[in-house]
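For any residue, its number in this note's numbering is found by taking its place in the sequence shown, counting from 1, and adding 9. The structure appears right after this line, and notes come after that.
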Amino acid sequence: MTASKPAILFVCLGNICRSPLAEAAFRAEADRAGLSVEADSAGTGDWHIGAGPDRRAVATAKRHGIDISDYRARQVSAGDFRRFTHIFALDANNLADLQAIAPADSTAELDLLLNVAPGREGQAVQDPYYGDDEGFETTWNDVTTAARALVERLRT
Ligand code: 4NP
Numbered sequence: 010m011t012a013s014k015p016a017i018l019f020v021c022l023g024n025i026c027r028s029p030l031a032e033a034a035f036r037a038e039a040d041r042a043g044l045s046v047e048a049d050s051a052g053t054g055d056w057h058i059g060a061g062p063d064r065r066a067v068a069t070a071k072r073h074g075i076d077i078s079d080y081r082a083r084q085v086s087a088g089d090f091r092r093f094t095h096i097f098a099l100d101a102n103n104l105a106d107l108q109a110i111a112p113a114d115s116t117a118e119l120d121l122l123l124n125v126a127p128g129r130e131g132q133a134v135q136d137p138y139y140g141d142d143e144g145f146e147t148t149w150n151d152v153t154t155a156a157r158a159l160v161e162r163l164r165t
């Protein structure tokens with residue numbers, strides 16, 4: 010049997026700061042490894058549906074050579090739990106919210122993102138929304154660490 014292509018969804022609260030950066034970092038690491046994947050991101054909340062990423066997230070990705078200005082926020086939906094093979098929550102609140110709305114026929118593996126990174130298990134990718142630009146750089150480092158570990162896991 011041929012394993013289907015991994016399809017990964019990254020979920021935070023607003024889908025304008027952390028999960029777009031997680032999606033971008035994962036796409037970049039998968040590309041680098043020559044791994045064929047599907048990737049997307051979404052928010053548990055509905056406040057920013059249709060909006061582009063926070064300008065600080067756009068600037069952070071740009072500093073690392075990636076343009077995310079055309080990403081648009083959306084809210085996670087019941088269909089995502091069948092469409093994606095893996096759904097990763099950026100923090101414990103996001104994970105609890107996802108567990109609460111997961112349909113009975115969900116097939117996605119649901120986990121905390123940093124659980125894939127050896128030594129970072131159980132940790133949250135902190136929300137940088139109310140902080141400064143430095144917080145976004147910390148977010149980038151965290152999601153890149155997770156993306157590398159996830160690509161390594163998916164390759165083997
Ligand atoms: P995110 O950050 O969940 O990483 O996209 C946030 C964005 C917006 C809000 C909170 C967190 N908000 O309250 O509007």
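Yeah, the Cβ is synthetic: ideal placement off N, Cα and C, and Gly gets one too. The structure displayed is predicted, hence computed values, not measured ones.
Unbroken alpha helix (DSSP H) stretches of 4 residues or longer found wholly inside the stretch 11 to 49: 27 to 42, given in chain order.
In terms of Cα proximity to proline 15, the closest of Thr154, Gly23, Leu22 and Ala48 is Ala48. In the DSSP assignment, phenylalanine 97 falls within the unbroken beta strand (DSSP E) covering 95 to 98. When DSSP states are grouped into helix, strand and coil, alanine 70 belongs to the helix group. The stretch 105 to 112 makes no contact with the stretch 123 to 131; the number of CB pairs closer than 8 Å stays below 3. Residues Glu38 of the same chain have their beta carbon placed closer than 6 Å to that of arginine 157, with the five preceding and five following residues left out of the count. If you compare the alpha carbons of Ala51, Thr69, Leu22 and Asp141 with that of alanine 82, the shortest gap goes to Ala51. Looking at the backbone, the Cα of isoleucine 58 and that of phenylalanine 93 are separated by about 20 Å. Taking the Cα of valine 20 as reference, the smallest distance to any Cα among Trp149, Gly43, Ala60 and Val85 is reached at Val85. Between leucine 99 and arginine 27 a beta carbon distance of about 5 Å is seen, short of the 8 Å cut, so the two are scored as contacting. For glutamate 161, the enclosing alpha helix (DSSP H) begins and ends at 142 to 164. In this structure glycine 128 is exposed. Its beta-carbon is surrounded by fewer than 16 other beta-carbon atoms within 10 angstroms. The beta carbon of leucine 30 sits closer than 7 Å to those of Ala66, Thr69, Ala70, Thr148, Trp149 and Val152, all from its chain and outside the five residues before and after it, given in chain order. Per DSSP, the unbroken alpha helix (DSSP H) holding aspartate 89 starts and ends at 89 to 92. In this structure, the alpha-carbon of alanine 105 lies about 13 Å from that of glycine 131.
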